RNA sequence: CGGGGCGUGGCGCAGUCUGGUAGCGCGCUUGCCUUGGGCGCAAGAGGUCCCCGGUUCGAAUCCGGGCGCCCCGACCA
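Numbering (my numbering), first residue to last: 7 to 486.
What follows is the structure, encoded as structure tokens:
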């Protein structure tokens, strides 16, 4: 078989493996504008499943969806001083409309804190209006210098939740609740182990008092921030006059939060689970959980196999399994096997004349290559087996990813150990909390403080860089 | 913005050094044959050689300028 049919090896050239996989699995394509991405139907189907998994959780916790405008007056961005500093360099600005130069330039939203803050100021009068819990699904634009499909594109799709509360405690509880929701989604639906934690001041969102994130380790040992939740304190409330009258008749500023998870997460799924054959999708998010490949030699066999395959399709669909029957003409079963493996379908069902005659179906799981992952299942037990196997695969993917992360995470106590650790994975080390140490580490090792995990070992130690007393350990790693 | 690579049918590339008929593989179309791991055979379709200017009898090729894309760093979800 020709080399060009294969992906570059994941272990030899992770970056190129990733790029080609995204294109060949037909998740996305390059757009005419640099750094922009066309999300193809298969990629969008995956994203839709992500959105549904999250949206259900948002609604279950009292959030509602709305839509705010794409265009924001330039002056809005300038109202919150650290927000301006953080976002100005990467704004796309509209200067003309209807053939005329605009009096005030409009920016294409890089995030919507400002325009939503403006609306909240008008909507919130009383403590009775609180909390206000709104989410929106949209796309935003940030003029990034270096882009990569899904991981960092000029325009990306995401959800951004924006809430306003009466007290600091409520805002903090909301911020943490949403972080928990992201972590739960990542673990249960995407089979991606994540480390929930607090960001350092240097890594904080522009305009936030506190930023939390879930951090995941990719298949090359690098870190990816997979979701963020910000406690904005009263910063935006003050900048946009979001105030309410409390029970005692006193005028108070609100406490606000924002939280987001983007199409970047698709990149995480690819980089955590994929292998040299292509994608491996977690069953709970896979557009197709199973694919049926019919096999036949002549017209007589074709008819009987096709009829059997269609019955099987109906039966599995009735069992609420997302299943696809591949009836494409003119391509061999072998081609289809490879094709669906590239696309990461968790389970393949092979149905040929032998199987029809013997009342069997051959099941092949995507996460175990070759013969090891194949078994023959009695026809009447197929639906039950598929459901069982999908659960098993979901769990196996998580277990494998967690084992991988553990194998590449070192409790580095010395700076020497630390440098070795971040060259290929994570270091979990004591940190004094000073930005100077963080900065030096970054300069010398290219590793950044990913987060201070919520889960701490307790006790105290010495900063891995400067040796000063430290009360918390941080996760460090090279990041996307 | 620094470093590197590259622009030639849809995709991947050769041809550029040394100017002279635009080529190969894959893909695509049609027909036959195949189908249990990326089938085979045959016949076809498809190209402003990134753009502009210059040199020349003649430019994909040489010279000048521009544009774009990808990769690696700094910034970032």
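Glycine included, each C-beta is placed from N, C-alpha and C at the ideal position. These figures come from a predicted structure and were not determined experimentally.
Helix, strand or coil, according to DSSP, for residue i in the structure here?
| i | result |
| --- | --- |
| residue 171 | strand |
| residue 106 | strand |
| residue 317 | helix |
| residue 425 | helix |
| residue 400 | helix |
| residue 40 | coil |
| residue 275 | helix |
| residue 204 | strand |
| residue 244 | helix |
| residue 409 | helix |
| residue 13 | coil |
| residue 468 | strand |
| residue 55 | helix |
| residue 150 | coil |
| residue 89 | helix |
| residue 303 | coil |
| residue 72 | coil |
| residue 139 | strand |
| residue 461 | coil |
| residue 8 | Residue placement at residue 8 is flagged as unreliable, the pLDDT there being 42, under the threshold of 50; a coordinate-derived value is accordingly withheld. |
| residue 60 | helix |
| residue 481 | strand |
| residue 415 | strand |
| residue 26 | helix |
| residue 238 | coil |
| residue 183 | helix |
| residue 19 | coil |
| residue 290 | coil |
| residue 439 | coil |
| residue 159 | coil |
| residue 84 | coil |
Do the CB positions of residue i and residue j come within less than 8 Å of each other?
| i | j | result |
| --- | --- | --- |
| residue 496 | residue 325 | In the structure as shown, the chain begins at 7 and stops at 486. Residue 496 is therefore absent and cannot be evaluated. |
| residue 370 | residue 360 | no |
| residue 202 | residue 408 | no |
| residue 259 | residue 244 | yes |
| residue 262 | residue 170 | yes |
| residue 67 | residue 187 | yes |
| residue 153 | residue 236 | no |
| residue 208 | residue 441 | yes |
| residue 285 | residue 59 | no |
| residue 298 | residue 329 | yes |
| residue 281 | residue 80 | no |
| residue 242 | residue 96 | no |
| residue 225 | residue 278 | yes |
| residue 452 | residue 484 | yes |
| residue 274 | residue 222 | yes |
| residue 168 | residue 122 | yes |
| residue 51 | residue 155 | no |
| residue 212 | residue 91 | yes |
| residue 482 | residue 447 | yes |
| residue 429 | residue 416 | no |
| residue 352 | residue 401 | no |
| residue 83 | residue 98 | no |
| residue 238 | residue 311 | no |
Quick one: what's residue i bridged to in DSSP?
| i | result |
| --- | --- |
| residue 45 | 34 |
| residue 114 | 77, 98 |
| residue 298 | 331, 355 |
| residue 257 | 251 |
| residue 434 | 481 |
| residue 475 | 468 |
| residue 265 | 167, 235 |
| residue 451 | According to DSSP, which records beta bridges pairwise, residue 451 is partnered with nothing at all. |
| residue 281 | 284 |
| residue 323 | According to DSSP, residue 323 bridges with nothing at all. |
Inset, instruction - Taking only runs that begin and end inside the region 328–392, name each unbroken beta strand (DSSP E) of 3 or more residues, in chain order. - result: Counting only runs of 3 or more, we get 329–331, 353–357, 366–371, 380–384.
Inset, instruction - Pair every Cβ in the region 299–308 with every Cβ in the region 78–90, then say whether three or more of these pairs are closer than 8 Å. - result: No, because fewer than three Cβ pairs between the region 299–308 and the region 78–90 fall closer than 8 Å, the two stretches do not touch.
Inset, instruction - Would you check if there are 3 or more beta carbon pairs closer than 8 Å linking the region 314–322 to the region 381–400? - result: The region 314–322, when compared against the region 381–400, does touch it at the 8 Å Cβ threshold.
Legend entry - Stretch-stretch touch, CB-based, cutoff 8 Å, three pairs: the region 106–117 with the region 130–141: No: fewer than three Cβ pairs fall under 8 Å.
Inset, instruction - For the region 188–236, list the beta strand (DSSP E) runs that are entirely contained and at least 3 residues long, ordered along the chain. - result: Annotation: the region 188–236 contains the following complete segments of the beta strand (DSSP E) (minimum length 3 residues), in chain order: 201–204, 216–223.
Legend entry - Segment contact flag, the region 70–78 with the region 138–147, C-beta cutoff 8 Å, min 3 pairs: Yes, they touch.
Legend entry - the region 465–480 contacting the region 222–231, beta-carbon criterion three pairs below 8 Å: No: fewer than three Cβ pairs fall under 8 Å.
Inset, instruction - Decide if the region 41–48 is in contact with the region 237–257; the criterion is three or more beta carbon pairs, one per stretch, under 8 Å apart. - result: These segments do not touch.
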